[in-house]
Amino acid sequence: MPLYIFEETEKLTLSEYKWLTYGQVYAKVINFAKGLLETYDLVGKKIAIFMDTCKEWQIAAYSCYATRIGVVTFYANLGEEAIGYGLQQTSVSHLVTEGRLVPTIKKIASKCPKLKHIIYTTHLSDPLDLEDITLLQFEEIEKMGEKSSKVLCPPEPGDLAVLMYTSGSTGQPKGVKISHRQAASATYGFLYYVLIVSFFADGARFVPEDVYIAYLPLAHILELVAEMALLSVGASLGFGSPSTLSCSSPRIKSGTKGDLVALRPTLMAAVPAIMDRIRKGVMDRLAGSSFLVRYLFQWAYNARKAARKRGKDTPFWNAVIFKKISALLGGRMRLCLSGGAPLSQKTQEFINVVFGIPVLQGYGLTETTGVVSLSHPRDKSYGRVGCPVATMEIKLVDWEEGGYFVSDSERGTIGLPRGEICIAGENLCAGYFADDEKTNEDFVADPTGKLWFHSGDIGQLHPDGCLEIIDRKKDLVKLQMGEYVSLGRVESVLKCSKYVDNICLCANPYKKFTVAVICPVRLKIELFATNKSIEYGTLEELYANKEVIAEVLQSLQEEAKKAQLKRFETPSRIHLTTDLWTPETELVTTALKIKRKELNSHYRKEIENMYR
Numbered sequence: 010m011p012l013y014i015f016e017e018t019e020k021l022t023l024s025e026y027k028w029l030t031y032g033q034v035y036a037k038v039i040n041f042a043k044g045l046l047e048t049y050d051l052v053g054k055k056i057a058i059f060m061d062t063c064k065e066w067q068i069a070a071y072s073c074y075a076t077r078i079g080v081v082t083f084y085a086n087l088g089e090e091a092i093g094y095g096l097q098q099t100s101v102s103h104l105v106t107e108g109r110l111v112p113t114i115k116k117i118a119s120k121c122p123k124l125k126h127i128i129y130t131t132h133l134s135d136p137l138d139l140e141d142i143t144l145l146q147f148e149e150i151e152k153m154g155e156k157s158s159k160v161l162c163p164p165e166p167g168d169l170a171v172l173m174y175t176s177g178s179t180g181q182p183k184g185v186k187i188s189h190r191q192a193a194s195a196t197y198g199f200l201y202y203v204l205i206v207s208f209f210a211d212g213a214r215f216v217p218e219d220v221y222i223a224y225l226p227l228a229h230i231l232e233l234v235a236e237m238a239l240l241s242v243g244a245s246l247g248f249g250s251p252s253t254l255s256c257s258s259p260r261i262k263s264g265t266k267g268d269l270v271a272l273r274p275t276l277m278a279a280v281p282a283i284m285d286r287i288r289k290g291v292m293d294r295l296a297g298s299s300f301l302v303r304y305l306f307q308w309a310y311n312a313r314k315a316a317r318k319r320g321k322d323t324p325f326w327n328a329v330i331f332k333k334i335s336a337l338l339g340g341r342m343r344l345c346l347s348g349g350a351p352l353s354q355k356t357q358e359f360i361n362v363v364f365g366i367p368v369l370q371g372y373g374l375t376e377t378t379g380v381v382s383l384s385h386p387r388d389k390s391y392g393r394v395g396c397p398v399a400t401m402e403i404k405l406v407d408w409e410e411g412g413y414f415v416s417d418s419e420r421g422t423i424g425l426p427r428g429e430i431c432i433a434g435e436n437l438c439a440g441y442f443a444d445d446e447k448t449n450e451d452f453v454a455d456p457t458g459k460l461w462f463h464s465g466d467i468g469q470l471h472p473d474g475c476l477e478i479i480d481r482k483k484d485l486v487k488l489q490m491g492e493y494v495s496l497g498r499v500e501s502v503l504k505c506s507k508y509v510d511n512i513c514l515c516a517n518p519y520k521k522f523t524v525a526v527i528c529p530v531r532l533k534i535e536l537f538a539t540n541k542s543i544e545y546g547t548l549e550e551l552y553a554n555k556e557v558i559a560e561v562l563q564s565l566q567e568e569a570k571k572a573q574l575k576r577f578e579t580p581s582r583i584h585l586t587t588d589l590w591t592p593e594t595e596l597v598t599t600a601l602k603i604k605r606k607e608l609n610s611h612y613r614k615e616i617e618n619m620y621r
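Count along the sequence shown from 1, add 9, and you get the number used in my numbering.
Now the structure itself:
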């Protein structure tokens with residue numbers, strides 16, 4: 010269940026986890042903060058962090074928080090162009106990174122004249138000579154701080170805490186300004202909600218005994234706020250990696266433990282793409298089992314699903330079937346937080362039933378410092394993202410072009426108010442860095458002066474106050490005959506096909522039908538070819554085979570029928586690509602959300618051919 014597909018061939022055997030106390034981490038934070046001040050007068054300025062999630066990321070960040078230094082975040086697999094853009098725009102003088110990423114910075118250093126210091130962790134593969142830039146080891150900064158007499162300057166609530174660049178799924182990344190007040194408010198809103206919920210759902214609250222698996226990028230607001238919240242209650246963080254998460258992850262040596270099994274966490278956060286792959290991974294294992302095992306699993310699944318709807322459980326089936334499956338997540342998991350994109354009903358139900366854990370599905374954006382709303386662990390419905398947390402407000406406004414109106418609540422066929430989701434509250438960010446035009450476009454004051462962020466997401470409100478995300482303005486396309494297609498909604502349905510790893514639905518407004526570019530599950534395609542005795546030379550030949558195309562199309566149509574999609578919404582033609590859709594290829598974001606603009610450009614010829 011890897012988050013990305015990695016090209017490294019080296020297989021790892023990981024040691025057991027080694028722990029630092031809060032006191033030890035605090036000392037490192039203070040020393041690193043003082044060490045930074047020894048290199049330059051950084052108070053009131055910014056430094057950038059460009060690295061994978063690890064303890065050094067958090068030590069560097071909290072050092073900055075402690076002394077009025079803003080943190081600029083970049084995903085570790087962000088492309089050179091995007092990193093260069095961010096470094097130029099922010100004019101940072103200091104960058105904290107990993108040794109393996111320093112060569113990437115060297116390529117763009119000439120375009121970033123303000124960059125003067127690179128602080129790196131781990132080792133440099135080759136000595137690098139960077140003109141006008143000083144290279145310092147992370148430990149050197151800590152040692153400088155141990156001897157320093159510098160006095161730290163605590164931040165004010167309105168000071169910049171984080172300048173977080175969005176993933177850029179719809180264009181150039183935007184720098185979102187998050188103050189200390191907003192970061193604290195987001196953490197409080199999240200924890201207060203969990204505390205209130207815990208009175209109605211045993212085990213929902215976070216406690217010091219909790220162990221959290223930290224592996225999502227800290228440059229993503231979901232992970233940053235989740236870790237802030239857990240640190241504030243004294244929980245333990247165990248750092249992992251998408252490439253070593255499970256025992257079958259690409260960089261784990263066969264027969265050895267992945268992060269989840271070694272750590273045995275009680276809590277985790279996951280984007281929908283991760284959870285989809287967990288579900289498909291379990292189902293793939295079952296597919297290779299005997300008929301009896303598959304039959305027993307389905308029987309147990311149905312029994313536990315029915316029992317959980319009644320607030321009960323199935324101890325017998327848990328011991329016989331589900332205990333072994335739960336061991337894939339370490340065996341102690343009790344709560345999972347999902348965010349970053351809508352989670353499919355099929356996957357949410359599967360995780361809930363098979364692993365026996367509630368999935369708290371949340372809604373939030375970088376612009377809202379993460380959490381806006383969160384579902385209740387006892388909510389048995391699917392697809393909803395709960396009610397707003399204590400620090401946030403939401404309202405719906407009409408979107409006439411898309412046909413969504415607050416007055417839809419009075420229409421018998423719908424019966425619920427619908428519209429664009431607008432958000433206000435203490436978590437709302439201070440706008441976009443160096444982009445007043447976009448700030449004024451997205452953040453609009455009402456007649457009372459209250460600022461509302463127009464999210465571009467379409468939602469509907471249920472009578473119990475719960476929000477459901479049903480569309481996105483940028484995903485809606487009108488076809489030649491006037492029908493509207495919600496690209497993202499259709500893609501989430503078609504992803505349930507066993508042949509689909511990822512998919513980009515394409516709709517030409519001058520045509521009557523849709524087409525799709527698909528990143529397929531290679532093993533499933535090869536298995537089908539073997540069973541049908543299809544001969545092929547290259548992977549391209551296999552993916553272009555008419556029988557293969559027909560089989561995948563049929564699978565898509567079956568999923569579309571289950572979800573009651575209309576005929577024009579289901580792609581009439583498809584292209585199977587051999588390309589990998591990873592953040593490294595810049596075709597998806599770090600949260601694995603597709604970059605529609607880049608994909609349409611990359612596959613322009615293939616899309617044109619499908620429409621001929």
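Every residue, glycine too, gets a C-beta built ideally from N, C-alpha and C.
Buried versus exposed call for Trp461 [16 or more other C-beta atoms within 10 Å across all chains shown]: The residue given as residue 461 occupies position 452 in the sequence shown. Trp461 comes out buried.
Could you compute how far the alpha carbon of Ala312 sits from the alpha carbon of Met277? Here residue 312 refers to the residue found at position 303 when the sequence shown is read from its first residue. Here residue 277 refers to the residue found at position 268 when the sequence shown is read from its first residue. Roughly 26 angstroms between the two C-alpha positions.
Pick out the complete beta strand (DSSP E) segments inside the segment 550 to 617, 3 residues or longer, and give them in chain order. 582 to 585
Between the C-alpha atoms of Leu338 and Ile360, what's the straight-line distance to the nearest angstrom? Mapped onto the sequence shown, residue 338 falls at position 329. Mapped onto the sequence shown, residue 360 falls at position 351. Roughly 11 angstroms separates the two Cα atoms.
Residues bridged to Asp466 by DSSP? Sequence index remark: in the sequence shown, residue 466 carries index 457 (1-based). Note: Asp466 sits in a beta bridge opposite Arg481.
Around the C-beta of Trp28, are 16 or more other C-beta atoms found within 10 angstroms, so that it is buried, or is it exposed? To locate residue 28, count along the sequence shown from 1; it is residue 19. By the neighbour-count rule (16 or more Cβ atoms within 10 Å), Trp28 is not buried but exposed.
Measure the beta-carbon distance from Gly371 to Ser353 and round it to whole angstroms, keeping in mind my assumption that it falls under 8 angstroms. Within the sequence shown, residue 371 is the residue found at index 362, counting from 1. Within the sequence shown, residue 353 is the residue found at index 344, counting from 1. So it is not a contact: roughly 15 angstroms between Cβ atoms.
Terminal residues of the alpha helix (DSSP H) in which Ala235 lies: Counted from its first residue, the sequence shown places residue 235 at position 226. Segment Ile230 to Ser241, the alpha helix (DSSP H) holding Ala235.
Can you tell me the Cβ-Cβ gap for His126 and Thr113, rounded? I've got them flagged as a contact below 8 angstroms. Stepping through the sequence shown from its first residue, residue 126 is reached at position 117. Stepping through the sequence shown from its first residue, residue 113 is reached at position 104. In fact, because the Cβ distance is near 16 angstroms, the residues do not count as touching under 8 angstroms.
Nearest-angstrom Cα distance between Ser610 and Asp141? On the sequence shown, position 601 is the one that residue 610 refers to. On the sequence shown, position 132 is the one that residue 141 refers to. So the alpha carbons of these two residues sit roughly 38 angstroms apart.
Have a look at Lys318, Gly348, Ile261 and Glu236 and flag the residue whose alpha-carbon is nearest the alpha-carbon of Val280. One-based indexing of the sequence shown puts residue 280 at position 271. Nearest C-alpha to Val280: Gly348.
Beta-carbon proximity list for Leu145, same chain, < 8 angstroms, skipping 5 on both sides: Counting from one through the sequence shown, the residue named residue 145 turns up at place 136. The answer, listed in chain order, is Thr48, His126, Ile127, Ile128 and Tyr129.
Residue interval of the beta strand (DSSP E) (run including Leu144): Position 135 of the sequence shown, counting from 1, holds the residue named residue 144. From DSSP, the beta strand (DSSP E) with Leu144 extends over Thr143 to Gln146.
Please classify Asn436: is it buried, with 16 or more other beta-carbons within 10 angstroms of its beta-carbon, or exposed? Walking along the sequence shown from the start, residue 436 turns up at place 427. With 16 or more Cβ atoms within 10 Å of its Cβ, Asn436 is classed as buried.
DSSP state of Trp66 mapped onto helix, strand, coil: As a position in the sequence shown, residue 66 is number 57, starting the count at 1. Helix, per DSSP.
State yes or no: is the C-beta of Gln98 within less than 8 angstroms of the C-beta of Phe442? Mapped onto the sequence shown, residue 98 falls at position 89. Mapped onto the sequence shown, residue 442 falls at position 433. The answer is yes: Cβ separation under 8 angstroms.
Three or more C-beta pairs under 8 angstroms: does that hold for the segment 22 to 36 against the segment 188 to 197? no
Quick one: what's Ala433 bridged to in DSSP? Here the question's residue 433 lines up with position 424 in the sequence shown. Glu402, per the DSSP bridge assignment.
Just curious, the beta strand (DSSP E) that Val394 is in, first and last residue? In the sequence shown, residue 394 corresponds to position 385, counting from 1. That residue, Val394, is in no beta strand (DSSP E); it is neither H nor E in DSSP.
Buried or exposed by the 16-neighbour rule on C-beta atoms within 10 Å, applied to Pro529: Numbered from 1 along the sequence shown, position 520 holds the residue referred to as residue 529. The residue in question, Pro529, is buried, as its Cβ has 16 or more Cβ neighbours within 10 Å.
Is the separation between the beta-carbon of Ser245 and that of Val220 shorter than 8 angstroms? Here residue 245 refers to the residue found at position 236 of the sequence shown. Here residue 220 refers to the residue found at position 211 of the sequence shown. Yes, the Cβ-Cβ distance between Ser245 and Val220 is below 8 angstroms.
With distances taken Cα to Cα, identify the nearest neighbour of Gly392 among Leu23, Lys43, Gly468 and Tyr224. Residue 392 sits at position 383 when you count from the first residue of the sequence shown. That would be Gly468, whose Cα lies nearest to the Cα of Gly392.
Between the alpha carbons of Leu21 and Val270, how many angstroms are there, rounded? Numbered from 1 along the sequence shown, position 12 holds the residue referred to as residue 21. Numbered from 1 along the sequence shown, position 261 holds the residue referred to as residue 270. Looking at the two C-alpha atoms, the distance is approximately 15 angstroms.
Taking the continuous beta strand (DSSP E) assigned at Thr2, which residues delimit it? What is shown of the chain runs 10 to 621, which leaves residue 2 out entirely.
Sheet register partners of Ser347 (DSSP bridge): Within the sequence shown, numbered from 1, the residue matching residue 347 stands at position 338. Beta-bridge pairing links Ser347 to Ala279 and Gln370.
Could you tell me which of Thr253, Ser158 and Cys431 sits nearest to Leu23, measuring between CA atoms? Looking up residue 23 in the sequence shown gives position 14. Nearest of Thr253, Ser158 and Cys431 to Leu23, Cα basis: Thr253.
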